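A short write-up of the structure that comes next.
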Amino acid sequence: SCERRLNLLLSAQERGLPPFLAATPGKSSGLMLLQYTAAALAAENKVFAHPAAVDTIPTSGGKEDHNSMGATSAWKALRIAENVVHQVALEAAAARWAVALQGEEKLAPATRSFYRRLAELVPPPGEDQSLSESVARLAQEIEEGRIGIHGV
């Protein structure tokens, strides 16, 4: 999952990256809170994955004792999809910082193009800063198909 990959990226000291991709480890928290956010979204998705029909309520004057709860199920599926888009955006923001810290020299041309687009949307590593606006912009770009598999 996105959250697990993000966790690996933020704890990649054995691959030469600082803890939490912090520009000054020990003095700044880096992207630690991005992983908290991704974990919260993953936990929320687990709740939304519980079938709505399990808690069905008799309807139609007691004539229908079981119903699909289709609208509720659709709403929950939409929320899961929105959460996954935000998790991917969190992961992409961390990838931007990881590449900035290690250098883009070894990136393939397509990956370099993707990275450069990320660099336009996400500020470089530095002192502790809020990335909420950057992550929101990334999520919007992903949702609209302007960045990702089909877009750069």
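Residue numbers (my numbering): 42 to 193.
Each residue gets a CB set at the ideal place from its N, CA and C atoms; glycine is no exception.
No experiment lies behind these values; they were computed from the predicted model shown.
What's the call for residue i, buried or exposed, on a 16-neighbour Cβ count within 10 Å?
{"i": "residue 187", "result": "exposed"}
{"i": "residue 88", "result": "exposed"}
{"i": "residue 49", "result": "exposed"}
{"i": "residue 150", "result": "exposed"}
{"i": "residue 76", "result": "buried"}
{"i": "residue 129", "result": "buried"}
{"i": "residue 86", "result": "buried"}
{"i": "residue 119", "result": "exposed"}
{"i": "residue 44", "result": "buried"}
Given a cut-off of 8 Å, decide if residue j and residue i are closer than it, judged by their beta-carbon atoms.
{"i": "residue 138", "j": "residue 47", "result": "no"}
{"i": "residue 156", "j": "residue 145", "result": "yes"}
{"i": "residue 114", "j": "residue 93", "result": "yes"}
{"i": "residue 51", "j": "residue 135", "result": "yes"}
{"i": "residue 167", "j": "residue 53", "result": "no"}
{"i": "residue 58", "j": "residue 143", "result": "yes"}
{"i": "residue 131", "j": "residue 176", "result": "yes"}
{"i": "residue 110", "j": "residue 97", "result": "yes"}
{"i": "residue 159", "j": "residue 178", "result": "no"}
Counting along the chain, where does the alpha helix (DSSP H) carrying residue i start and finish?
{"i": "residue 123", "result": "111-143"}
{"i": "residue 152", "result": "150-162"}
{"i": "residue 176", "result": "173-184"}
{"i": "residue 45", "result": "43-51"}
Name the one or two DSSP bridge partners that residue i has.
{"i": "residue 105", "result": "100"}
{"i": "residue 69", "result": "66"}
Cβ pair count under 8 Å reaching 3, the region 65-85 against the region 110-130: Cβ pair count under 8 Å is three or more, so yes.
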